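Note that the sequence shown covers residues 64 to 184 in the numbering used here. I have placed the structure first, in the form of structure tokens, so that the comments after it can refer back to it.
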Amino acid sequence: MESPERTANPQTEKLILWSCFLLLCTVVGLVYSTYQDEEERLATMRMNEKQKEATFNAIERQRDQTARYIDRFTRDPEFVRDQARERLGVAEPGEVVIRLEGGAALAQPAPAPQAKPASPR
Numbered sequence: 064m065e066s067p068e069r070t071a072n073p074q075t076e077k078l079i080l081w082s083c084f085l086l087l088c089t090v091v092g093l094v095y096s097t098y099q100d101e102e103e104r105l106a107t108m109r110m111n112e113k114q115k116e117a118t119f120n121a122i123e124r125q126r127d128q129t130a131r132y133i134d135r136f137t138r139d140p141e142f143v144r145d146q147a148r149e150r151l152g153v154a155e156p157g158e159v160v161i162r163l164e165g166g167a168a169l170a171q172p173a174p175a176p177q178a179k180p181a182s183p184r
């Protein structure tokens, strides 16, 4: 027995082609949407990385400065003596320490005297 040849209906072929086209467009749209989301996420991560790197560099500078400061305490006796005088008010034997209360007000320069106008004679 022979099977009769099937001829495809042109409307069915068009429907299948349009379905495939719509499926392809949907897949491309989803891929593009996901790509945009990932690009945005990556940009945010790069910005966070730059901020963290800047914070890290600031902490490194502060650590180096503190290490130098501590090193001065261990190697420079004159620095230790100066710091003890300034911060703790320590004096060497025979010295007199004078502390002024309200030192900030005294640090400001006095106002300049106003010139008197010359009186006519």
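Beta carbons: idealized from backbone N, C-alpha and C, even for Gly. A quick note: this is a predicted structure, and the numbers were derived from the prediction, not measured.
Membership of residue 140 in the alpha helix (DSSP H) is indicated by the continuous run 140-146. Taken atom to atom, the span from the alpha-carbon of residue 113 to that of residue 123 is near 15 Å. Residue 151 and residue 135 have their C-alpha atoms some 18 Å from each other.
Within the same chain, Cβ atoms closer than 7 Å to the Cβ of residue 160 are found at 152 and 154, the five residues on either side in sequence being excluded. Across the structure, residue 119 and residue 87 are spaced so that their CA atoms are roughly 47 Å apart.
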